[in-house]
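*Asks:* Just add 2 to wherever you are in the sequence shown, counting from 1, and you've got the numbering used here. To start, I am sharing the structure in question, which I have written as structure tokens.
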Amino acid sequence: MVFRKTGNAAGACFAGGKPDTEKRGKRVVAPMRVLIVEDSEELADLLAKGLRAAGYQIDLLTNLADATSALGTTRYAALILDLGLPDGDGLSILRELRHRKDPLPILVLTARGGVEDRVSGLRSGADDYLVKPFSFDELVARLEALLRRPGQLLGSSLRLANVTFDSEGRQAFVDMKPQNLSAREIAVLELLLRRKGNVVSKKLLEDQIFGLTGDVASNAVEVYVHRLRKQLLDIGAKVKISTVRGVGYVMMESD
Ligand code: CA
Numbered sequence: 003m004v005f006r007k008t009g010n011a012a013g014a015c016f017a018g019g020k021p022d023t024e025k026r027g028k029r030v031v032a033p034m035r036v037l038i039v040e041d042s043e044e045l046a047d048l049l050a051k052g053l054r055a056a057g058y059q060i061d062l063l064t065n066l067a068d069a070t071s072a073l074g075t076t077r078y079a080a081l082i083l084d085l086g087l088p089d090g091d092g093l094s095i096l097r098e099l100r101h102r103k104d105p106l107p108i109l110v111l112t113a114r115g116g117v118e119d120r121v122s123g124l125r126s127g128a129d130d131y132l133v134k135p136f137s138f139d140e141l142v143a144r145l146e147a148l149l150r151r152p153g154q155l156l157g158s159s160l161r162l163a164n165v166t167f168d169s170e171g172r173q174a175f176v177d178m179k180p181q182n183l184s185a186r187e188i189a190v191l192e193l194l195l196r197r198k199g200n201v202v203s204k205k206l207l208e209d210q211i212f213g214l215t216g217d218v219a220s221n222a223v224e225v226y227v228h229r230l231r232k233q234l235l236d237i238g239a240k241v242k243i244s245t246v247r248g249v250g251y252v253m254m255e256s257d
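Here it is as structure tokens:
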């Protein structure tokens, strides 16, 4: 296995914590080691260069075999994973890691825009998803959001108060009792639960849940959030979805 490039912070290693941030307004980072698995050389180089400039130590690999091998021997703070790789589908790595209950934060990159692919990616245990083309700023923001959640096992089971969601089985439970929610209510619930306590933008909900099909009514997100709210109330869930005006929604434990 040969890394095409190694991090420029030689000798530095993952310190197991969050980056040291914000010192007199300037970001000072103890390098966190991030693995990028991406076979598009142009994109990979761009990402690596940008993330190194942002203070990360980057390993860059271009295929599944090398990635699997690196993940077996190196502890990374996060994985940025392309799905279409020359020797197979990146989802297989994702499934394997989650099968082992590995909580490694994983950000999936894919050219596939279909709803099915997004859902299947999230179901396989991805923490977040970016559909190409995306902006570099967006990638950094998403990566930082993932890294702010230290020690949280981001596996197939999500929980808040008395609500549990099994992302493998696509089943929501309240007080351990299975609940009947529509596929889209489930999709909204899952994303809000994955980011519980954090604001999820309306745009993200729309993009990630409804896809880029272009036929989503402008108020679709509101409609599904409204329905989910009502459902949660009806089934005695001790969580609430608050609207952050002009921004999005946040799911929290209710009082
Ligand atoms: Ca690819």
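C-beta: ideal position from N, C-alpha, C; glycine also. No experiment lies behind these values; they were computed from the predicted model shown.
If you follow the beta strand (DSSP E) that ARG161 is in, where does it begin and where does it stop?
*Replies:* Translated into positions along the sequence shown, residue 161 becomes position 159. Residues 159 to 162.
*Asks:* Looking at the structure shown, is LYS242 part of a helix, part of a strand, or coil, going by DSSP?
*Replies:* Working through the sequence shown from its first residue, we reach residue 242 at position 240. Looking at LYS242 - three-state DSSP - the assignment turns out to be strand.
*Asks:* Within the same chain, show all residues whose beta-carbon is closer than 7 Å to that of ALA79, passing over the 5 residues directly before and after it, in chain order.
*Replies:* Walking along the sequence shown from the start, residue 79 turns up at place 77. Taken in chain order, the residues that qualify are PHE16, MET34, ARG35, VAL36, LEU149.
*Asks:* Can you tell me the Cα-Cα spacing of GLN233 and VAL252, whole angstroms?
*Replies:* Indexing the sequence shown from 1 puts residue 233 at position 231. Indexing the sequence shown from 1 puts residue 252 at position 250. Cα-Cα distance, rounded: 16 Å.
*Asks:* For the alpha helix (DSSP H) containing LYS51, list its first residue and its last residue.
*Replies:* Reading the sequence shown from its first residue, position 49 is the one you call residue 51. 43 to 55 is the extent of the alpha helix (DSSP H) around LYS51.
*Asks:* Alpha carbon to alpha carbon, how far is VAL42 from THR64?
*Replies:* Mapped onto the sequence shown, residue 42 falls at position 40. Mapped onto the sequence shown, residue 64 falls at position 62. Looking at the sequence shown, residue 42 is not Val but Ser. If you take the alpha carbons of SER42 and THR64, they lie about 8 Å apart.
*Asks:* Considering only heavy atoms of ligand 1 and the C-beta of each residue, which residues fall inside 5 Å, strictly closer?
*Replies:* Ordered along the chain, the selected set is ASP41, ASP84, GLY86.
*Asks:* If distances are taken between C-alpha atoms only, which option among ASP104, ASP168, LEU93 comes closest to TYR2?
*Replies:* For residue 2 there is no data in the structure shown, the boundaries of the chain being 3 and 257.
*Asks:* Do ARG100 and LEU126 come within 8 Å of each other at the CB atom, strictly closer than that value?
*Replies:* As a first step, residue 126 must be located in the sequence shown, where it is residue number 124. As a first step, residue 100 must be located in the sequence shown, where it is residue number 98. For the record, residue 126 in the displayed sequence is Ser; it is not Leu. Against a cut-off of 8 Å, the Cβ pair of ARG100 and SER126 comes out as a contact.
*Asks:* Would you report the Cα separation of GLY86 and GLU98, rounded to the nearest angstrom?
*Replies:* Against the sequence shown, residue 86 aligns to sequence position 84. Against the sequence shown, residue 98 aligns to sequence position 96. When rounded, the distance between both Cα atoms is 16 Å.
*Asks:* Kindly indicate which three-state DSSP category ARG186 falls into: helix, strand or coil?
*Replies:* Residue mapping note: residue 186 aligns to position 184 of the sequence shown, counting from 1. Correct three-state label for ARG186: helix.
*Asks:* Smallest Cα separation from PRO135: which of VAL202, LEU45, GLY250?
*Replies:* Translated into the one-based positions of the sequence shown, residue 135 becomes position 133. Ranking the options by Cα distance to PRO135, first place goes to LEU45.
*Asks:* Could you pull out every unbroken alpha helix (DSSP H) segment of at least 4 residues lying fully inside the stretch 55 to 137, listed in chain order?
*Replies:* Fully enclosed alpha helix (DSSP H) runs of 4 or longer: 66 to 75, 93 to 101, 117 to 125.
*Asks:* Do ALA72 and ILE95 count as a contact pair if the criterion is CB distance below 8 Å?
*Replies:* For the purposes of this step, residue 95 is taken as the residue at position 93 of the sequence shown. For the purposes of this step, residue 72 is taken as the residue at position 70 of the sequence shown. Not closer than 8 Å, so no.
*Asks:* What are the partner residues of GLY250, as DSSP defines its beta bridges?
*Replies:* The sequence position of residue 250 within the sequence shown is 248, counting from 1. Per DSSP, SER203, VAL246.
*Asks:* For PHE138, which residues in the same chain have their Cβ closer than 8 Å to its Cβ, ignoring the five residues on either side in sequence?
*Replies:* Taking the first residue of the sequence shown as 1, we reach residue 138 at position 136. LEU48, LEU49, GLY52, listed in sequence order.
*Asks:* To the nearest angstrom, how far is the alpha carbon of ARG305 from that of ASP84?
*Replies:* Absent from the structure is residue 305, since the part of the chain shown begins at 3 and ends at 257.
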